[in-house]
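Let me begin by presenting the structure, written as structure tokens, before commenting on it.
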Amino acid sequence: MREILLAVKNTKMVKSKRVILDVPLLELRHGEVLSLMGHNGAGKSTLLKILALLQVPTQGNVYFKGEEVSNSNVLKFRRQMAAVLQEPLLLDTTVYKNAAVGLQLRKVDRKEVNKRVMHWLERLGVEHLAKYSVRNLSGGEAQRVSLARALVLEPQVIFLDEPFSALDTPTRESLLAELRDILYEQSMTAVFVTHDYREIPQLANRVVELSQGKILHQGTPEKVLKYKLNKVV
Amino acid sequence: MGELQMEWILQGIRDAILMLLHGDKEVLRITLLTLKVSCTATLISIFIGIPIGYILAFHDFFGRKLIVSMVNLGMGFPPTVVGLWVYILIARNGPLGGLELIYTPTAIIIAQAVIASPIVMGFSVAAFQQINSKMKTQILSLGASPIQLMLLLVREARLGLFAAVMAGFGGVISEVGASMMVGGNIKGDTRVLTTAMVMEVNKGNPEVAIALSVILLALAYLVVVVLTINQQRGRSIQ
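Written as structure tokens, this is what we have:
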């Protein structure tokens, strides 16, 4: 069994005196593609943000490669991760500069930045837009740039919070297929939030279903989806 | 408008051009002092207003809304009131009297910075709050340190922040009450364009005041054009 990359223990998130997330233990192993599923308000995005070190839980700890995450080391660990959110949230500049920003924040050498940015823009089919402002991009193009911006970082783990939910079906399916190829080519660890059960078998090799902030089921996509189908029947 | 007033305006514009063409030393000195004082005060207000505006826009803490409402109140402070309070503080018998700042260009800079800071701060809060609230999370996810996060958000809010700076500069270059009160309109020392204009009107020289007002407008416009070019860089209307 591969070693644990990321774990949350005894994690609780309280908002307005209401417990919105209560996860006693969740572990993510190297190379795993974990899908978080559940209805609106189930706590998927909150759990993703806690795992991505973008939100501090009210209670509990997060461990990265066995080391407890604290204020003093959070930036070091966050720089080994990347996230793609539901909206592309691109900076008001060119496509190239957007894709390069994470590497520049890490003070990576300019030649290396250029090599990696052009590689990923090309891989995602938006290299011809490199010099253009992001203001004129379509939804699909913007999300491709957002994916490139995360992938250039060559992260240990990538977090995807319903990244394609706002796109039309053909664009969503095409991006989903590309993402699946990339994740498996790179053996990249990923956490993927989705509403759409059809997306799960395409990407994930483990599923965690959340309901009212608690883990309801977890296991292989086949097992969890079969359980859900039986429940529906 | 009567013929006399029209004549004053035309004469004033002619005089303003002549003063600048002939390099009238007193006018040049007053103009340069005005530029120096107002630009320095605006610069100070940027260093105070933008970081505090950033904190007020992105950090939730007890009393935040109260502070924002105080800042908004400060945006409309009458310069004369600010001038009076700064005068009380730095007057010879005031708490900071030992610093001997009264009737110096530094006193005018302090008063103008107090006027401009809430203006820059208030507009900055609005500019930062216009950014998508999830942008902060997205930038953090890219591996930004707290300082890098602030710089990137400043860059994202630049359109509104330039407007904040222009409003702050406009507020101080046009004020007269505070400069008169703490500067004293001393010839060769603390006389700026606005205080000189008031003096010329009081002396019965409206055409000189009009000439100075033309210079003031040209000066303000020059600074605003530079800021606007930077603000609008790379923007086109679709």
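Which chain is which? The protein sequence lines are D and V, in order.
Numbered by the numbering used here, the letters in the first sequence go through residues 1363 to 1595 in order.
Numbered by the numbering used here, the letters in the second sequence go through residues -18 to 219 in order.
Virtual Cβ for every residue (Gly too), placed ideally from N, Cα, C.
None of the values given here were measured: they were computed from a predicted structure.
Which residues mark the beginning and the end of the beta strand (DSSP E) in which residue 1380(D) is found?
1380 to 1391
Residue interval of the beta strand (DSSP E) (run including residue 1369(D))
1366 to 1377
Contact between the region 191 to 198 of chain V and the region 78 to 98 of chain V: three or more CB pairs below 8 Å?
no
Any residues in the region 1514 to 1533 of chain D with a beta carbon nearer than 8 Å to a beta carbon of chain V? Which ones, in chain order?
1515, 1521
Cut-off 8 Å between Cβ atoms - residues of its own chain near residue 1506(D), not counting five sequence neighbours on either side
1486, 1487, 1488, 1537
Please identify the residue among 1503(D), 1559(D), 1530(D), 1584(D) whose C-alpha is closest to the C-alpha of residue 1458(D).
1503(D)
Please tell me whether residue 1464(D) has its Cβ less than 8 Å away from any Cβ of chain V.
It does; some Cβ of chain V falls within 8 Å.
Grab me the residues of residue 77(V)'s own chain with a C-beta within less than 7 Å of its C-beta, minus the 5 sequence neighbours each way, in chain order.
Excluding residues within five positions, the ones whose Cβ falls inside 7 Å are 70, 71.
Would you call the CB atoms of residue 173(V) and residue -15(V) closer than 8 Å?
no
Scan the region 62 to 121 of chain V and note each continuous alpha helix (DSSP H) run of 4 residues or more that stays entirely inside, going in chain order.
Runs of the alpha helix (DSSP H) inside the region 62 to 121 of chain V: 86 to 110.
Among 187(V), 204(V), 185(V), 165(V), whose alpha-carbon lies nearest the alpha-carbon of residue 146(V)?
204(V)
If you draw a straight line from the alpha carbon of residue 4(V) to that of residue 114(V), how long is it in whole angstroms?
52 Å
Listing by chain order, which chain V residues have their CB less than 7 Å from the CB of residue 1454(D)?
137
So if I threshold CB-CB distances at 7 Å, which residues from the region 1415 to 1440 of chain D count as touching chain V?
1416, 1437, 1440
Under 7 Å between beta-carbons, which chain D residues line up against residue 116(V)? List them in chain order, please.
1451
So, does the CB of residue 119(V) fall closer than 8 Å to a CB anywhere in chain D?
yes
Reduced DSSP category for residue 171(V) - H, G, I as helix; E, B as strand; rest coil
coil
DSSP on residue 1558(D), reduced to helix/strand/coil?
coil
Straight-line Cα distance separating residue 1450(D) from residue 1559(D):
In a straight line, the C-alpha of residue 1559(D) is about 22 Å away from that of residue 1450(D).
Could you check where the beta strand (DSSP E) with residue 185(V) kicks off and where it finishes?
Element bounds for residue 185(V): n/a, residue is neither H nor E.
The region 1458 to 1484 of chain D: which residues have C-beta closer than 8 Å to a C-beta of chain V, in chain order?
1463, 1464, 1467, 1468
Residue 1367(D) versus chain V: which residues are under 7 Å apart at the beta carbon?
Within chain V, no residue comes near residue 1367(D); the closest Cβ sits about 17 Å away, beyond 7 Å.
Against residue 141(V), what residues of chain D qualify as contacts under a CB-to-CB distance less than 9 Å, listed in chain order?
Result: empty, since nearest Cβ-Cβ is about 12 Å, beyond 9 Å.
Between the Cα of residue 1428(D) and the Cα atoms of 1510(D), 1517(D), 1456(D), 1371(D), which residue gives the shortest distance?
It is 1371(D).
Is it buried or exposed, residue 43(V), if we count other Cβ atoms within 10 angstroms and call 16 or more buried?
exposed
Is any beta-carbon of chain D found at less than 8 Å from that of residue 105(V)?
Cβ-Cβ to chain D under 8 Å: no for residue 105(V).
Straight-line gap, residue 1475(D) to residue 158(V) (C-alpha atoms, nearest Å):
Between the C-alpha atoms of residue 1475(D) and residue 158(V) there is a straight-line separation of about 54 Å.
For the 8 Å Cβ check, are there 3 or more pairs between the region 1467 to 1474 of chain D and the region 1545 to 1563 of chain D?
no
Residue(s) in a DSSP beta bridge with residue 1443(D):
1519(D)
Beta strand (DSSP E) containing residue 1484(D): first to last residue?
Note, residue 1484(D): premise wrong, no beta strand (DSSP E); alpha helix (DSSP H) at 1472 to 1485.
Close-in-space but distant-in-sequence residues of the same chain around residue 1524(D) (CB under 7 Å, 5 per side omitted):
1448, 1555, 1556, 1557
is_contact[residue 1566(D), chain V] using C-beta, thresh 8 Å
no
Within 8 Å (strictly less), CB to CB, does residue 211(V) reach chain D?
no
Which same chain residues end up closer than 8 Å to residue 1595(D) when comparing Cβ atoms and leaving out the 5 residues on each side of it in sequence?
Legend: pLDDT at residue 1595(D) = 49, less than 50; position of this residue unreliable, no value from coordinates given.
Run through DSSP, which three-state label would residue 38(V) get?
If DSSP states are grouped into helix, strand and coil, residue 38(V) belongs with the helices.
Reducing DSSP to helix, strand and coil, say where residue 1305(D) ends up.
With chain D covering 1363 to 1595 only, the question about residue 1305(D) has no answer from this structure.
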